[in-house]
Amino acid sequence: MARDADTIERDIEKARDALAATLQEIGTRADPTRLIDAGKEQVEATLGNPTVRYSLMGLAALIVLAVLRKLFR
0 MARDADTIER
10 DIEKARDALA
20 ATLQEIGTRA
30 DPTRLIDAGK
40 EQVEATLGNP
50 TVRYSLMGLA
60 ALIVLAVLRK
70 LFR
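Residue numbers 0 to 72, in numbering that gives the first Met the number 0, belong to the letters of the sequence shown in order.
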């Protein structure tokens, strides 16, 4: 059964609209500023964890002590 030109044009237009919507969604998901903001939120959440925060403070204190020891020896 042959399809008429109007039906084919409508199908093509639907496919174009679907492709445009898909490309828009990909562009939104891959937006660099959105990815950076998501990364910042993840780092802030991780550093908000007391275990991580106190571990980093302890590591920083050890580094400071090692540098001071090296300077005054």
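Built from N, CA and C at the ideal position, the CB exists for glycine as well.
On a predicted model such as this, the values are computed, not experimentally measured, just so you know.
Terminal residues of the continuous alpha helix (DSSP H) containing Arg15? 4-28
Between the beta-carbon of Arg52 and the beta-carbon of Leu46, is there less than 7 Å? yes
If you follow the alpha helix (DSSP H) that Arg33 is part of, which residue opens it and which one closes it? 31-47
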